[in-house]
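A.B. asks: Right, I'll just put the structure down here and ask away after.
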Amino acid sequence: MRKSNRAAAGAAAWQAVRHSARPGAPGLGERAAAVPRMLMSRLRGRYEGISISRMMMYVLAVAYVASPVDLVPELFVPVLGLADDVGVAVWLVTGLMGESERYLQWERRDGHVQGHVVG
C-alpha cells in the first residue's frame, strides 16, 4: 500500500475508534494492549469469545493492508483504490477494538490476568 493510502486508512481508523469510545469503557491503549493477550488466550483455548474464522479474517485484513498489492489498484480507479484500503483498515481496527473490549470484560469478570486465573 502506498504511504498516502496508509495514512488515509490510519486516519479513518483512528476517527472510527475515537468516536466509538464510551464513558467507563477501556481506553484505546488498554484495548490495543489486550489484543495479543486475547489472541494467545484464544489459541490456547482459554478464551472462546472470538472464533478462529474471525481471527483468520483479521490476519487476512492485516496482510491486505500491509501488502503493496491492491485488489483495486489506485492507478485504474483512484477513488475505489483508496476506499478499499481505508475500508479494510477501519473494519480491522474497529473489529479488534470491539473484540478486545469484550475480552477485557471477560478477563475482569472471570478474574483472569495475563492468562492466569486469579485465585
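By the count of my numbering, the sequence shown reaches residue 139 at its end, each step adding exactly one. By construction, the Cβ of each residue, glycine as well, lies at the ideal position given by its N, Cα and C atoms. Bear in mind that the values here come from a model prediction, so they are computed numbers and not experimental data.
1) Which residues in the same chain have their Cβ closer than 7 Å to the Cβ of ALA45, if we skip the five residues on either side of it in sequence?
2) If you count every other CB in all the chains shown that lies within 10 Å of the CB of SER71, and 16 or more means buried, which is it?
3) Let me know if ARG57 comes out buried or exposed under the rule of 16 or more other beta-carbons within 10 Å of its beta-carbon.
4) In angstroms, rounded to a whole number, what distance separates the CA positions of VAL89 and GLY49?
5) Would the beta-carbon of TYR78 fall within 8 Å of that of TRP126?
C.D. replies: On the basis of the coordinates in this document:
1) GLU121
2) exposed
3) If you draw a 10 Å sphere on the C-beta of ARG57, you find 16 or more other C-beta atoms in it, and that means buried.
4) 30 Å
5) no
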